[in-house]
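To start, the structure itself, in structure tokens.
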Amino acid sequence: MKKYFIDLIGSDQAKEYFISALNGGYLSHAYIIEGASGSGRRTLIKELLKAMACESDYAPCGKCGSCIRLDAGVCVDVRTIKPAEGKTELTVDLIRGIYDSVGLMPADIPFKAYIIEDGENMNRSAQNAFLKLFEEPPENVYFFIVTTDAQALLPTIRSRALIIRTERLDREQMRAVLDRKGIPDDKKREDAIALANGSAGEAMRIYGDGADAVKLRDTADKLIKALLLPDSDKLSFITVHQKNIKKTDELCKVYALLQSALRDVMACKLGCSENTVYFTRYEDAEEYSLHISDSAVIKTSDVISELLSISDVPLNPALAMTEFASRVWDAHLI
Ligand SMILES: [Zn+2]
């Protein structure tokens with residue numbers, strides 16, 4: 080039997096499903112690939128297409144003509160549909176464009192694939208146009224709707240496609256990916272991993288940026304200590320916050336780090352995996368988890384999301400930072 084995806088790291092459930100679907104020959108014509116941004120949705124689709132086209136015993140091999148063309152994004156049988164430049168909506172015209180080529184024979188690989196980006200932005204008429212393709216799927220054509228939220232799609236679309244979910248990578252998986260990319264195992268890499276929120280691509284980008292990541296990580300560490308250690312108090316938390324975060328862009332990045340730290344703390348409380356995303360050592364997450372209640376972790380994370388969503392509104396920065404710090408502190412006491 081052929082071996083699939085021996086090199087693919089993460090999203091184990093999705094991987095398992097596709098391995099058995101490939102072996103059993105029961106791939107569906109339509110998939111909704113749902114997951115957070117940075118959770119490897121496009122990587123999963125690309126690896127799947129490579130595995131479907133590759134003739135090696137270990138597919139995808141990454142070396143044959145079809146693997147190379149699919150990797151480089153130059154295979155003529157794979158088309159990506161996304162909103163027009165500067166627009167967010169996927170219109171009916173874009174979907175109708177699929178009809179022009181869908182019936183043609185594939186030229187490069189044994190099938191054709193259409194990847195619909197930002198599927199949650201397909202308006203209703205676009206979704207209805209799409210539905211017609213689903214109802215009578217042409218042979219050897221596969222559709223992938225990439226989305227952060229499958230619920231934003233019409234129930235008629237959801238019921239005709241299989242929903243596959245991707246998960247962010249944990250710290251160990253991130254390390255494995257970066258090892259493979261030849262990035263040296265040093266402090267800078269650990270900082271980039273902590274900052275990347277489970278996205279290997281993002282970690283690579285941050286690693287390239289350098290010093291900034293170290294400083295942000297340092298700020299986030301200080302804030303977590305000031306928030307969660309037993310001898311902390313509101314005034315010192317606000318002071319640490321004010322001293323270290325001056326600008327909105329810093330605030331957004333540090334808050335994103337706080338959220339991934341809180342996710343680790345919550346995973347710890349629930350006795351989930353010992354693989355952390357933010358903390359280098361599991362014991363650190365464990366230690367912090369003793370000083371905050373379950374509901375306070377959720378509340379604090381919610382408040383941070385809320386503050387992130389209003390942080391791009393013009394505010395009096397100094398006042399806003401104090402107000403933000405105060406709200407985060409209050410949330411963690413519940
Ligand atoms: Zn190959």
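Under our numbering, think of the first position of the sequence shown as 80, with each following residue one higher.
In this text, a Cβ means the ideal position worked out from N, Cα and C, and glycines have one as well.
None of the values given here were measured: they were computed from a predicted structure.
Item	Value
Proximity winner among Ala205, Arg254, Phe316 and Leu295, relative to Ala231 (alpha-carbon distances)	Ala205
Range covered by the beta strand (DSSP E) that runs through Val256	Segment Arg250 to Arg259 is the alpha helix (DSSP H) holding Val256; no beta strand (DSSP E) there.
Per DSSP, the bridge partner or partners of Tyr96	According to DSSP, which records beta bridges pairwise, Tyr96 is partnered with nothing at all.
Host beta strand (DSSP E) of Lys129 (start-end)	No beta strand (DSSP E) holds Lys129; the alpha helix (DSSP H) holding it covers Arg120 to Ala132.
Among Leu210, Tyr105 and Ser384, nearest to Arg342 - alpha-carbon criterion	Ser384
Span of the beta strand (DSSP E), counted from its first residue to its last, around Asn244	A small fix is needed here, since residue 244 is Arg in this sequence, not Asn. That run of the beta strand (DSSP E) goes Leu241 to Arg244.
Ligand 1 heavy atom lying under 7 Å from the CB of Ala151	no
Cβ neighbour criterion (16 or more within 10 Å) applied to Ser31	For residue 31 there is no data in the structure shown, the boundaries of the chain being 80 and 413.
Contact set, ligand 1 heavy atom to C-beta under 7 Å	Lys129, Cys133, Glu134, Ser135, Ala138, Pro139, Cys140, Gly141, Lys142, Cys143, Ser145 and Cys146
Beta-carbon separation (whole angstroms), Arg237 vs Gly114, contact threshold 8 Å	Rounded, the Cβ-Cβ distance is 15 Å, inconsistent with contact.
Assigned exposure category for Gln321 - 16 Cβ within 10 Å defines buried	exposed
Sub-8 Å separation of Leu412 and Ala364 beta-carbons	no
Check whether Ala240 and Tyr110 have beta carbons under 8 Å apart	yes
Simplified DSSP state of Ala275, which is helix, strand or coil	coil
Buried or exposed (CB count within 10 angstroms, at least 16 for buried), Thr167	exposed
Met283 at chain D interface by Cβ criterion, 8 Å	The structure shown has no chain D; it contains just one protein chain.
Residues bridged to Ala138 (per DSSP)	Tyr83
Three-way DSSP call (helix, strand, coil) for Ala109 in this model	strand
DSSP state of Lys348 mapped onto helix, strand, coil	helix
Span separating the alpha-carbon of His108 from that of Lys301	50 Å
Beta-carbon proximity check, Leu248 vs Gly89, cutoff 8 Å	yes
Residue nearest to Ser380 in terms of C-alpha spacing, selected from Asp228, Pro396, Leu349 and Asp409	Asp409
CB of Ile285 within 8 Å of CB of Ala271, strictly	yes
Top-ranked residue by Cα proximity to Met131, from Lys191, Glu164 and Lys332	Lys191
Ile317 vs Ser405 beta-carbon contact at 8 Å	yes
Own chain, CB closer than 7 Å to Lys252, minus 5 neighbours either side, in chain order	Looking at the sequence provided, one finds Gln at residue 252 rather than Lys. Same-chain partners within the cutoff: Ile88 and Gly89.
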